[in-house]
Amino acid sequence: MSILLASSWTDISPYFSQWKKTLDQEQRDIDVRLYPDEIGDIDDITTALVWDPPSGLLASLPKLKLIHSLGMGVDHILKHEDLPEGVPIARIVDPDLVTRMSEYCVHSILHYHREADRYDRYQAERLWKPIPYPAASSRRIGIMGMGKIGADTAMKLKSIGFDVAGWSRSPKNVPSVPSFHDKDGFRHFMQHSEFIVCLLPLTPDTEGILCASTFNMMPDGGGIINVARGGHVVEEDLIAALDSDKLSFAKLDVFRQEPLPKHHPFWTHPKIRITPHNAGITNPETAAAQIIKNHRLALRGLTPNNIVDRARGY
Ligand code: NDP
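Heads up: the sequence shown at position 278 corresponds to 278 in this note's numbering, and the numbers run straight through without jumps.
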């Protein structure tokens, strides 16, 4: 009854070794194996703990009772067409990861709210030039996706004093954060939002949502922060919106192709800031216990926690 740690990424070994060590320390009686070298007898594997699993691997494990994402997103699993039917898929929901994510988002909003890029340019020119800026209470921020991370980010921004609204599939009740929902609420939400933070899962409904028609609903000179998935952005539309001054900035942590290829125009665009998909990284120390618990629940035929709705895509 083993846990298999697997990814198609080649540079993930040090992180996986850290995971294996932490899982071993957490529960010594559970056998944890690293793919591919330690896979052993596949009949032993009942939980696959994965990040972007190699194609065909999950379908090849005959005794699989649980597929567990190593992160909060699951698009890297659901993209596989040959997923075994009836095996539950769980995701991590960890306050440590939520905090890392909302910290990144708050930092990014403050960066642009207080004109940090322009002051960098002025300093390079030794230019002493104060820039007027609005009070936080009149800066309108829109959070796309009011789930675990979106709601936490909204509350933190609200506590600083920003005018925050959220958009989700279903209506939400976050204190003092107006809730827009579904397709009907989308235009009003975008019209409200000078700065957008995208925290949606990547699904067929949200793929390419950050596109020209969406940008055109926003006030002129707005900006986007995308920490969700690269597939949310239509890249040519983003560059066109920045070049035409429809948008004034984009802060991007995630990309359609990762690592972002060296020749990609995002690298050198003066209005784009890039981080290498590390707004939030799952910490084995804080997340290992929930994986062990889910592994045991699945073994006993019980429903693990934080199960994903395959049809909905998150
Ligand atoms: P949740 O599943 O908790 O929340 C998702 C939110 O998106 C919900 O509010 C949901 O609405 C809303 N939503 C989903 N589909 C739609 C739709 N079609 N229209 C409108 N709203 C929609 O997600 P998390 O907060 O846990 O995570 C969000 C994403 O952040 C992850 O999927 C992942 O891609 C990304 N992420 C990125 C990391 C990084 O390092 N860059 C690290 C961790 C996560 P409702 O509440 O009504 O269901």
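Every residue gets a Cβ at the ideal spot worked out from N, C-alpha and C, and that includes glycine. In this text, all values refer to a predicted model and were calculated from it rather than measured experimentally.
Cβ-based neighbour list, residue i, same chain, cut-off 8 Å, excluding 5 preceding and 5 following
| i | result |
| --- | --- |
| residue 12 | 51 |
| residue 114 | 133 |
| residue 172 | 146, 151, 166, 179, 181 |
| residue 259 | 276 |
| residue 245 | 220, 221 |
The beta strand (DSSP E) enclosing residue i, as first and last residue numbers
| i | result |
| --- | --- |
| residue 66 | 66-69 |
| residue 50 | 45-51 |
| residue 272 | 272-274 |
| residue 2 | 2-7 |
| residue 98 | Where residue 98 is concerned, there is no enclosing beta strand (DSSP E), although the alpha helix (DSSP H) it sits in stretches over 95-113. |
| residue 31 | 31-34 |
| residue 167 | 163-168 |
| residue 319 | With the chain running from 1 to 314 in the structure shown, residue 319 is simply not present. |
| residue 179 | 179-181 |
Neighbourhood of residue i by C-beta, 7 Å cutoff - its chain only, sequence neighbours within 5 removed
| i | result |
| --- | --- |
| residue 233 | 210, 226 |
| residue 105 | 153, 197, 225, 227 |
| residue 157 | 106, 109, 141, 164 |
| residue 19 | 5, 284 |
| residue 217 | 187, 190, 191 |
| residue 161 | 136, 137 |
| residue 54 | 6, 8 |
| residue 183 | none |
| residue 206 | 200, 232 |
| residue 296 | none |
| residue 131 | 115, 118 |
| residue 155 | 174 |
Own chain residues within Cβ distance below 6 Å of residue i, not counting five before or after
| i | result |
| --- | --- |
| residue 94 | 286, 287 |
| residue 2 | 31, 33, 44, 45 |
| residue 255 | 230 |
| residue 202 | 75, 229, 231 |
Range covered by the alpha helix (DSSP H) that runs through residue i
| i | result |
| --- | --- |
| residue 140 | Looking at the DSSP string, residue 140 is not in any alpha helix (DSSP H); the run it does join, the beta strand (DSSP E), is 140-144. |
| residue 160 | 148-160 |
| residue 121 | 116-124 |
| residue 19 | 13-26 |
| residue 287 | 284-299 |
| residue 78 | 75-78 |
- Query: With a cut-off of 8 Å, do at least 3 Cβ pairs link the stretch 159-168 to the stretch 144-151?
  - Reply: They touch, by the three-pair rule.
- Item | Unbroken stretches of the beta strand (DSSP E), 3 residues or longer, contained in the stretch 208-275 | Restricted to the stretch 208-275, the beta strand (DSSP E) segments that are unbroken, complete and at least 3 residues in length are 222-226, 247-252, 272-274, listed in chain order.
- Message: Within 8 Å, do at least three Cβ pairs link the stretch 79-86 to the stretch 32-43?
- Response: The stretch 32-43 vs the stretch 79-86: no contact.
- Give a yes or no on contact between the stretch 71-78 and the stretch 20-37, applying the rule of three or more CB pairs nearer than 8 Å. No, they do not touch.
- Given 8 Å, three or more beta-carbon pairs between the stretch 62-73 and the stretch 286-302: Touching, yes, given that three or more Cβ pairs across the two stretches are closer than 8 Å.
- Can we say the stretch 240-251 touches the stretch 48-64, given the rule of at least three CB pairs closer than 8 Å? By the Cβ test, the stretch 240-251 is not in contact with the stretch 48-64, since fewer than three Cβ pairs between them sit closer than 8 Å.
- Is the stretch 271-283 touching the stretch 292-307 in the sense that three or more CB pairs, one from each, lie closer than 8 Å? Contact fails: fewer than three Cβ-Cβ distances are below 8 Å.
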